[in-house]
Structures are given as structure tokens and as C-alpha cells.
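Protein chains in written order, with my numbering: chain Y, 785 to 905; chain E, 70 to 302.
Glycine is no exception: its CB is placed at the ideal position from the N, C-alpha and C atoms.
Here's the structure, in C-alpha cells; my notes come after.
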């Protein structure tokens with residue numbers, strides 16, 4: 785249950801980044817989370833609701849894009865995607881492979897903000 | 070209203086990762102092999118570490134330990150009986166150690182180790198016993214050279230399948246309490262297969278802190294790893 789500290793650091797980073805766009809409101813925060821990142825979307829969403837109250841991010845939406853594990857299979861010489869995280873075998877040839885290419889991501893991909901329109905006098 | 074997408078591409082644990090990278094550099098410069106020991110509460114991390122510290126000292130290795138718990142300094146007192154310098158980190162409710170806590174607790178370590186030249190001066194091995202938890206510690210890099218996942222024979226052979234995140238990020242796996250394996254009906258083959266299914270080709274040590282079984286192989290592994298890492302630095 786370390787999602788609360790993870791959310792706290794997302795709020796901090798996004799607040800800092802959004803400060804470069806004065807007057808804009810953050811509408812959405814998009815995350816990329818690998819299947820091996822050890823965080824649960826439901827917990828993130830729950831903590832998000834609590835953590836953004838009374839911050840510049842209040843009312844914003846958290847969008848979590850979960851990424852499957854991708855391994856590089858030396859035998860097939862290609863990157864293969866796993867359905868789950870219960871077996872690190874190439875789904876094509878059945879070989880065990882430890883060469884992880886995707887699955888540990890835990891990053892803020894982008895934010896969506898509303899743009900302040902320049903007033904034409 | 071017009072909206073705009075701003076690409077950030079920023080690691081959420083970037084601060085921890087940067088601190089950990091700094092620690093990793095310090096460990097390498099000081100020639101210290103750092104281990105991060107992770108398991109459930111009750112696996113026997115402290116008993117295993119007590120024996121490791123004692124035996125490594127007897128072989129001439131300079132060892133120290135940092136031990137993380139929510140509360141109490143019971144584990145630090147147990148480990149200190151080995152004669153090695155030990156520091157307790159109390160997280161007061163936080164379920165994992167992070168790089169900042171390690172950084173703070175390394176301050177002045179050189180004095181503890183009897184060396185005044187550097188904070189890590191004179192150490193060969195630093196063991197970090199993480200908070201007993203199989204989930205959260207896997208996200209936090211402490212700058213360690215080797216992450217060790219521990220599993221006891223009483224926990225069920227499917228633990229690696231239930232907690233793949235940790236086992237997949239480990240560099241070595243240690244099975245503890247092998248002396249009671251038979252009594253517990255521990256299915257050794259199944260446990261080894263499950264670990265290998267999650268982390269192919271990982272080194273696995275079958276140990277007992279009580280009888281000392283498997284300790285020699287473990288200590289030789291640590292000595293070999295330390296030597297290999299020093300050679301490449």
C-alpha cells in the first residue's frame with residue numbers, strides 16, 4: 785500500500801510542471817504503469833481523489849495506461865508480449881526468458897490542460 | 070475551451086531513482102557490495118542475516134547492516150550481537166525503505182565502522198534488511214548491487230507466483246528454514262520451479278540459519294560477486 789506516496793509524488797511533479805502554464809487548469813494526468821510496477825489502479829484512483837483536494841489539480845482525472853510485460857526471446861529473436869505475470873516463458877516457443885523489455889514502467893506520460901485564450905482587444 | 074496535451078515522460082519515482090543512482094556510485098567507489106534483503110515478515114531475514122554477519126566476519130570480511138522496521142530496535146540489537154556495526158531505521162508506518170532513508174542513515178558510518186576517512190570507509194559488505202513486505206520494497210531502488218528475495222519453507226511454494234514483481238526484480242533467491250522442510254511437507258522441486266518460472270536462471274540458495282546448511286555456498290557467492298564487481302570498476 786505505497787500508492788499514497790506514489791500519488792503524492794505525481795501530484796508534486798504535475799503541479800510543478802503545470803506552473804509553466806499560468807492560468808491553465810489540469811484536466812487529465814496520464815500514467816504508464818507496467819504490469820510489474822507493483823501498483824494497483826484502484827488504489828491509485830482512490831488515493832488520487834484524496835490527494836488532489838485543495839491542490840491546483842482538484843477536479844482532474846487520472847488515466848492509467850497499464851502495460852503488459854514484454855520479453856525478448858533469444859530463440860525467436862523477437863520481442864514477445866505476455867498475457868500475465870505468472871510465467872516468464874516465450875508464448876511462441878515456450879522458452880524461459882529473463883530479458884525484460886517492458887513491464888516495470890511507472891511514469892507520468894502527459895498532462896492535458898485547458899489553454900488560456902489570448903484576449904483580442 | 071481548447072485543450073492541450075503536454076508530454077512529460079517523467080518517472081514517478083525519479084527522485085528516489087536519482088538518489089539511488091548516487092548511492093550506487095558511492096558504493097562502487099568505496100568498493101562495498103550492498104545487498105537489499107526483501108521478504109515477508111517472519112521469513113527469517115534477521116536470523117539469516119545474523120548468521121551471515123557472524124560467518125562473514127569470521128572469514129575476515131568487514132560487514133555492516135542497516136535494518137528497517139516500522140517500530141522497535143529489536144532486530145538491530147539482535148544483529149549487533151554478531152559484533153558488526155548495525156543501525157536501525159524506523160519507518161514509523163511506511164511499508165518500505167527508500168533511497169533517502171538509506172542516505173540519511175549512512176551519515177557518519179565511517180566512524181561506526183572504525184574508519185574516519187569516508188562514510189563507507191573500510192566496509193566490504195553492507196546488508197540492508199528491508200521492512201518485511203513482499204510488495205512495496207520492489208518499487209524502491211536503494212542503489213543495491215544485489216537484491217535478494219527470501220522465502221521460508223513454511224510460506225508455501227507458490228509465493229513467487231503470488232508476488233512476481235519482487236521475485237522478478239531479484240538477483241538472488243534464498244530459501245530459509247530448510248531444517249524444517251520435511252516437517253512442513255515442503256515441496257522443494259515445486260518451489261525451485263516456481264522461482265525459475267518468474268525469474269529464469271536466478272541463483273537460488275537453500276539455507277538454514279539454525280544448522281548452517283547452505284551458508285558456505287552463499288558466502289562464497291558474495292565473495293565472488295564482490296571480487297567481480299571490483300574488477301570491473
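**OP:** Give the DSSP-derived three-state secondary structure of residue 200/E in the structure shown.
**Re:** coil
Subject >> Residues, ordered as in the chain, of the stretch 258 to 285 of chain E that lie near chain Y by beta-carbon distance below 9 Å >> reply: 265, 266, 267, 268, 269, 270 and 271
**OP:** Locate the beta strand (DSSP E) running through residue 72/E, then write down its first and last residues.
**Re:** 72 to 80
Original post:
At least one CB of chain Y closer than 8 Å to the CB of residue 205/E: is that the case?
Top reply: yes
Original post:
List, in order along the chain, the chain Y residues whose C-beta lies closer than 7 Å to that of residue 80/E?
Top reply: 890 and 891
Subject >> beta-carbon residue 296/E near the ligand NAD non-hydrogen atom, thresh 7 Å >> reply: Of ligands this structure carries none, so the ligand NAD is not represented either.
Original post:
If you measure from the beta carbon of residue 97/E to each beta carbon in chain Y, is any gap under 8 Å?
Top reply: no
Original post:
Do residue 214/E and residue 298/E have their C-beta atoms within less than 8 Å of each other?
Top reply: yes
Original post:
By DSSP, does residue 856/Y sit in helix, in strand, or in coil?
Top reply: strand
Subject >> Beta-carbon proximity list for residue 230/E, same chain, < 6 Å, skipping 5 on both sides >> reply: 263
**OP:** Answer with buried or exposed for residue 185/E, where buried requires no fewer than 16 other C-beta atoms within 10 angstroms of its C-beta.
**Re:** A caution first: residue 185/E carries a pLDDT of 43, below 50, which makes its placement in the model unreliable, though a value can still be read off. By the neighbour-count rule (16 or more Cβ atoms within 10 Å), residue 185/E is not buried but exposed.
Subject >> Separation of residue 76/E from residue 127/E, as counted between CA atoms >> reply: 55 Å
Original post:
First and last residue of the beta strand (DSSP E) that includes residue 826/Y?
Top reply: First-last for residue 826/Y: 825 to 835, but that is the alpha helix (DSSP H), not the beta strand (DSSP E).
Subject >> Cβ of residue 848/Y within 8 Å of any chain E Cβ >> reply: no
Original post:
What do you get for residue 233/E, buried or exposed, if any count of 16 or more other CB atoms within 10 angstroms of its CB means buried?
Top reply: buried
Original post:
Based on the DSSP output, what are the partners of residue 159/E in its beta bridges?
Top reply: 138/E
**OP:** Check whether the Cβ of residue 174/E lies closer than 8 Å to any Cβ atom in chain Y.
**Re:** no
Original post:
From what residue to what residue does the beta strand (DSSP E) around residue 846/Y run?
Top reply: 845 to 851
Subject >> Exposure label - residue 253/E; buried when at least 16 CB within 10 Å >> reply: exposed
Original post:
Can you give the Cα-Cα distance for residue 249/E and residue 845/Y, rounded to whole angstroms?
Top reply: 51 Å
Original post:
Of the choices 871/Y, 847/Y, 872/Y and 881/Y, whose alpha-carbon is the least far from that of residue 857/Y?
Top reply: 881/Y
Original post:
By the criterion of Cβ-Cβ separation under 8 Å, what are the contact partners of residue 872/Y in chain E?
Top reply: 237, 266, 267, 268 and 269
**OP:** Return yes when the Cβ of residue 189/E is within less than 8 Å of the Cβ of residue 175/E, no when it is not.
**Re:** yes
Original post:
To which residues of the same chain is residue 193/E closer than 6 Å at the C-beta, ignoring the five residues directly before and after it?
Top reply: 130 and 131
**OP:** Check the Cβ-Cβ distances between residue 72/E and every residue of chain Y, and say whether any is below 8 Å.
**Re:** yes
Original post:
Looking at residue 890/Y and residue 80/E, is the spacing between their C-beta atoms short of 8 Å?
Top reply: yes
**OP:** Report the partner residues of residue 273/E according to the DSSP bridge assignment.
**Re:** 242/E
**OP:** Please list the partners that residue 758/Y has in chain E, where partner means a Cβ-to-Cβ separation under 9 Å.
**Re:** Given a span of 785 to 905 for chain Y in the structure shown, any question on residue 758/Y remains unanswerable.
Original post:
The beta strand (DSSP E) with residue 794/Y in it runs from where to where?
Top reply: Not the beta strand (DSSP E): residue 794/Y falls in the alpha helix (DSSP H), residues 787 to 802.
Original post:
Which residues in the same chain have their Cβ closer than 8 Å to the Cβ of residue 142/E, if we skip the five residues on either side of it in sequence?
Top reply: 157 and 159
**OP:** Taking all protein chains shown into account, decide if residue 802/Y is buried (16 or more other Cβ within 10 angstroms of its Cβ) or exposed.
**Re:** buried
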